[in-house]
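Residue numbers (our numbering): 216 to 432.
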């Protein structure tokens, strides 16, 4: 987005310096922890959070910091994937590994103290934090290119890659350190999940929650 309008300034944070060496001149990154105190020098017009599930211990505190760092009338947007996997037909019964992956992820994250299944809670949390004009959109995103619709098929291709490539980073530590699994057993389990993600006869999808709220003027 930094290419769109050089009048705007874009700031991003991450726990480690994984950003590319070159970024647009109006975009900068800081190595920081958004669960710590925020010390930005001026308020933002717009704050965006994506895929924070499983990384936040205290969302009410986070929303308080977001509100304190928005200008009057500024907006916050949260994009989060639901903690369950869905199907509108009976093919879900043929995806036991996918179902178990979601269940284990939720169980381990709760034990860890940073709940993963929070997508459906963001709207209420924004309202309780005092944001106005809060609204939510929920989108169905296929987990592989099983749909006939061209756009949904393309989304499914991307989400399939996303799920496969992020599986280990999302779940290996939780399954081994929190639930006590052996890493080899986790990898065997992941192989079954990947097989189901590649199976186009399984009409599975994820739900993405897009939640917006505005700070009072």
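A virtual CB, placed ideally from N, CA and C, is assigned to each residue, including glycine. Remember, predicted model here, so these are calculated numbers, not experimental data.
Would you list the residues sitting across from residue 293 in a DSSP beta bridge?
Paired residues: 264, 426.
Using the three-state DSSP reduction, which class does residue 281 fall into: helix, strand or coil?
DSSP, reduced to helix, strand and coil, places residue 281 within a helical segment of the structure shown.
My output table needs one value for residue 366: the three-state DSSP class, helix, strand or coil.
The answer is helix: DSSP assigns residue 366 an H, G or I state.
Out of 382, 334, 329, which one is the CA nearest neighbour of residue 401?
382
Look at the Cβ atom of residue 355, then the Cβ atom of residue 308, and state whether they are nearer than 8 Å.
no
Helix, strand or coil: how does DSSP classify residue 391 here?
helix
Could you work out which residue in 242, 375, 326, 317 is closest to residue 272 when comparing CA atoms only?
Of 242, 375, 326, 317, the residue nearest in Cα terms is 326.
Measure the alpha-carbon distance for residue 336 versus residue 343 and round it to whole angstroms.
11 Å
Could you tell me whether the stretch 408-423 touches the stretch 292-301, using the rule of 3 or more Cβ pairs below 8 Å?
Taking 8 Å as the limit for Cβ pairs, the verdict is that the stretch 292-301 does touch the stretch 408-423.
How should residue 255 be labelled, buried or exposed, when 16 other C-beta atoms within 10 angstroms of its C-beta is the threshold for buried?
exposed
Label residue 277 either buried or exposed according to how many other C-beta atoms from any shown protein chain fall within 10 Å of its C-beta, with 16 as the threshold for buried.
buried
By alpha-carbon positions, which one of 259, 287, 376 ends up nearest to residue 358?
376
What is the C-beta distance between residue 260 and residue 286, in whole angstroms, given that I count them as a contact (C-beta under 8 Å)?
6 Å
Buried or exposed for residue 332, going by 16 or more other Cβ atoms inside 10 Å?
Burial of residue 332 is indicated by the presence of at least 16 other C-beta atoms within 10 angstroms of its C-beta.
Span of the beta strand (DSSP E) holding residue 351?
347-357
Applying the criterion that 16 or more other CB atoms from any shown protein chain within 10 Å of the CB defines a buried residue, is residue 370 buried or exposed?
buried
Going by C-alpha distance, which of 320, 399, 229, 242 is nearest residue 251?
Nearest to residue 251 by C-alpha distance, out of 320, 399, 229, 242, is 229.
Can you name, in chain order, every residue of its own chain whose Cβ lies under 8 Å from the Cβ of residue 232, other than the five neighbours on each side?
244, 246
Secondary structure at residue 249, three-state DSSP: helix, strand or coil?
coil
Apply the 10 Å Cβ neighbour rule to residue 218 and answer buried if 16 or more other Cβ atoms are within range, or exposed otherwise.
Only weak support exists for where residue 218 lies, its pLDDT of 48 falling under 50; the coordinates are left without a value.
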